[in-house]
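Mapping of the sequence shown onto UniProt numbering: residues 1 to 375, in sequence order. All C-beta atoms, glycine included, are put in the ideal place defined by N, C-alpha and C. Fair warning: this is a prediction, and the values are worked out from it, not measured in the lab.
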Amino acid sequence: MNLLPDPDHEQLRYHLALAIAPKVGPSLFKAIVSYSGSPKDFFRLTKGKALKIPRVGEKLLEIQKQESSLIKAADEVIESCSKKGFQIHFSTSSQFPQALKSIEDAPVILFSQGKGDLNPERAIGIVGTRSATSYGKAITKKIVEDLLPYQPTIISGLAYGIDIEAHRAALQVGLPTLAIMGSPLDYIYPAAHRKTAEQLQETGLLLSEYAPGSKMVPGNFPARNRIIAGLSDALIVVEAAEKGGALITAEIAYSYDKDVFAVPGNLQSTFSEGCNQLIKKMKASIYTGPGDIAEALFWSKPGEEKIKKPTLDLSGRDEEEKAILSHLQTKGESEIDLISYATEIPLGILSSKLLSLEFEGVVKSLPGKKFKLLV
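Okay, here's the thing in structure tokens:
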């Protein structure tokens, strides 16, 4: 097995060296590479040119002086991964998840273990509270079972509660599942889920942005939520308290313009407060069944005629509809106030027009009073 799939070993060394350098997060890494051309080129920049890079100051330039020690550390990580059977994927490689490449704060290095696909054709994230109720566990299992005909990869975080139920349900029905970890691959956390972590590698993956041997810090777990959100075509929140990791993941997915769904729950249940609030604030749609996902993502079951997006045709439209559709065609999606401003259509008339267009399947309403074109 080729543990290091990227052919340019030198490129990998420098990419990893810059990624593990102190105070270099994903956004700064990308700015440095965008200006320099490559991680290796950054270490060759003169001081004057390096200081022109946004957010690079005198202190950060100390990294250039640490080149040899950073390369040594990178080599140690590569050797460790090779021995343990971990794969390394850097952001410019073909195997890096395409779904993460357009996200500004996405990791620039990922470590994986397993036989699964980092670029699945269909991917659904399922998250929720660590203190799942029996109802939440049962619903999670049913959601996964109902999604089976669509053959998605199930993505979650290997945590207690809803996460582990999602992984186990996927394994039971034969769907691949990706576990996004808040710890390095060589430290399965929680340890109680080690067996599931081992089982899912047959068709899925363990995935982490943390190098083997890295120290675990509390911020790792909230940070991994952006990977779950980024990799998922749609996210389903099963049970969630008013505050917690599942809500963070939902907020991130919403900010990434992903389809977010929430399972509504008992008004007296603490672990339904988060889901109900997401729905109330229009940051999530109510999840009632797999048809909701299929409709939102234009999925069809194997053997069914492929669901086609409607074709945009402005002929026969009145001037107001033409203005609305032209605006959305340019913007992709837009808030209703901005549509009104750009088209000079009063909000009352605009709301009626948008509702009519939504019934036709030409536009779709999004949380936050946004609308997007579906063609």
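- Take residue 112 and list the residues in its own chain whose beta-carbon comes closer than 6 Å to its own, dropping the five residues that flank it on each side. 87, 205 and 207
- Per DSSP, what kind of secondary structure is residue 53 in: helix, strand or coil? coil
- Starting from the N-terminal side, write out each stretch of the alpha helix (DSSP H) that is 4 residues or longer and does not extend beyond the stretch 82 to 138. 98 to 101
- Task: Give the DSSP-derived three-state secondary structure of residue 317 in the structure shown.
- Result: coil
- Quick one: grab the DSSP three-state call for residue 349. helix
- Message: Is it buried or exposed, residue 225, if we count other Cβ atoms within 10 angstroms and call 16 or more buried?
- Response: buried
- Task: Identify the continuous alpha helix (DSSP H) that holds residue 33 and give its terminal residues.
- Result: 26 to 36
- Task: Within the same chain, show all residues whose beta-carbon is closer than 7 Å to that of residue 334, passing over the 5 residues directly before and after it, in chain order.
- Result: 327, 328, 370 and 371
- Query: Assuming residue 32 contacts residue 42 under a Cβ cut-off of 8 Å, what Cβ separation, rounded to an integer in Å, is found between them?
  - Reply: 5 Å
- Message: Taking a contact to mean a Cβ-Cβ separation below 7 Å, would you say residue 136 touches residue 238 in this structure?
- Response: yes
- Check whether the Cβ atoms of residue 164 and residue 178 lie closer than 7 Å to each other. no
- Can you tell me where the alpha helix (DSSP H) with residue 259 in it begins and where it stops? No alpha helix (DSSP H) contains residue 259, which is instead part of the beta strand (DSSP E) from 259 to 262.
- Message: Pairs of beta-carbons, one from the stretch 119 to 133 and one from the stretch 231 to 248, closer than 8 Å: are there three or more?
- Response: yes
- From this set, 97, 284, 276 and 278, which residue's C-alpha is nearest residue 259's C-alpha? 284
- Close-in-space but distant-in-sequence residues of the same chain around residue 104 (CB under 8 Å, 5 per side omitted): 26, 27 and 30
- Complete runs of the beta strand (DSSP E) confined to the stretch 160 to 229 [at least 3 residues]: 177 to 180 and 205 to 208
- Message: According to DSSP, is residue 374 part of a helix, a strand, or is it coil?
- Response: coil
- Flag this pair as yes or no: are the beta carbons of residue 107 and residue 209 separated by less than 7 Å? yes
- Task: Using three-state DSSP, classify residue 239 as helix, strand or coil.
- Result: coil
- Item | Span of the beta strand (DSSP E) around residue 155 | 153 to 156
- State the Cα-Cα distance for the pair residue 129 and residue 274, rounded to the nearest angstrom. 9 Å
- Message: Going by beta-carbon coordinates alone, are residue 110 and residue 89 separated by less than 7 Å?
- Response: yes
- Message: Using only CA atoms, which one of 102, 146 and 168 lies nearest to residue 194?
- Response: 168
- C-beta contact flag for residue 424 and residue 271 at 7 Å: Coverage of the chain is limited to positions 1 through 375, which leaves residue 424 absent and any answer about it impossible.
- Item | Reduced DSSP secondary structure (H/G/I, E/B, other) of residue 61 | coil
- Rounded to whole angstroms, what's the CA-CA distance from residue 3 to residue 9? Just pull it up for me. At residue 3, the pLDDT of 49 sits below 50, so the modelled position is not reliable; the number obtained from the coordinates is stated separately. Cα to Cα, residue 3 sits roughly 12 Å from residue 9.
- Message: Just list the residues that DSSP pairs residue 366 with in beta bridges.
- Response: 370
- Query: Distance, Cα to Cα, residue 166 vs residue 141?
  - Reply: 7 Å
- Query: How should residue 18 be labelled, buried or exposed, when 16 other C-beta atoms within 10 angstroms of its C-beta is the threshold for buried?
  - Reply: buried
- Query: In the structure shown, what three-state DSSP assignment does residue 252 receive?
  - Reply: helix
- Whole-number beta carbon distance between residue 182 and residue 221, since they are thought to touch under 8 Å: 4 Å
- Query: How long is the line joining the alpha carbons of residue 378 and residue 150, rounded to whole angstroms?
  - Reply: The shown model of the chain, from 1 to 375, leaves out residue 378, and the question about it has no answer.
- Which term fits residue 46, buried or exposed, when burial requires 16 or more other beta carbons within 10 angstroms of its beta carbon? exposed
- Determine the extent of the alpha helix (DSSP H) in which residue 333 is found, giving its start and end residues. From DSSP, residue 333 is part of no alpha helix (DSSP H) but of the beta strand (DSSP E) over 333 to 335.
- Roughly how many whole angstroms lie between the Cα atoms of residue 35 and residue 64? 15 Å
- Could you name the residues of the same chain whose beta carbon sits closer than 8 Å to that of residue 133, not counting the 5 residues immediately before and after it, in chain order? 239, 269 and 271
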